[in-house]
Structure formats: C-alpha cells, structure tokens
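What follows is a short report on a single structure.
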Amino acid sequence: MIQQSKIRVFYQVANEQIMLGEAFSKKYGDIAAMWLKAPMEEILSDDGFRISLYDDGGRHVADKSVSMGTADSILSTVD
Numbered sequence: 048m049i050q051q052s053k054i055r056v057f058y059q060v061a062n063e064q065i066m067l068g069e070a071f072s073k074k075y076g077d078i079a080a081m082w083l084k085a086p087m088e089e090i091l092s093d094d095g096f097r098i099s100l101y102d103d104g105g106r107h108v109a110d111k112s113v114s115m116g117t118a119d120s121i122l123s124t125v126d
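Mind the numbering: the sequence shown is residues 48 to 126 in the numbering used here, read in order.
Laid out in structure tokens, this is it:
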C-alpha cells in the first residue's frame, strides 16, 4: 500500500460529518502547501465546511474551518 499525505474535505453539522472528498499528495502536488494556503474561516460555531490534514502514515494532523469556495477549490483538484 502506498502511503501519502492527504486533505479530507467535509461539511459538519452538530456532531455529524459529511465527507465531500479527498486530495492526495501523489497526484496533486504538495498537500502541505495547499493546506497552508487555505484561508481559515473564523466562525462562532463548529458547523460548516472543514478540512482535515493527514500525514503520510494516515495520522490526523489538524483541522481547519474554511469557506465554501476554499472547499470547492480543493475538491476541484479531484477527478
């Protein structure tokens, strides 16, 4: 199995998460750079679009709230 870092995009409502897609490092360049460039949304609740960063070993690294446009731009790299 090939290990690669990835970003998961999901929508969160209360305690439920709806997975929208993933972007992988092998196919789409430097995932860390994509993660760092994604502007963080400052929202008062935990609901909304979020991205999660995973390292090469599949371990969860961090989460970030993002706008719908940012989530869409990350998902647009997915075939």
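Cβ atoms here follow ideal geometry from the backbone N, Cα and C, with glycine treated the same way.
What is the residue span of the beta strand (DSSP E) that S99 lies within? Element bounds for S99: G95 to Y101.
If you compare alpha carbons, which of Q51, A79 and D93 is closest to S114? Ranking Q51, A79 and D93 by Cα distance to S114 puts D93 first.
Would you give the residue range spanned by the alpha helix (DSSP H) that S120 belongs to? Unbroken alpha helix (DSSP H) run through S120: M115 to L122.
Quick check: what's the CA-CA separation for H108 versus F71? Here the sequence assigns Val to residue 108, which means His is not the residue at that position. Going by the C-alpha atoms only, they are around 15 Å apart.
Proximity to I54 [Cα-Cα], best of A61, V60, D77 and N62: If we check each option's Cα against that of I54, D77 comes out closest.
Going by the DSSP bridge assignment, what does E63 pair with across the sheet? The secondary-structure analysis by DSSP pairs E63 across a beta bridge with V60.
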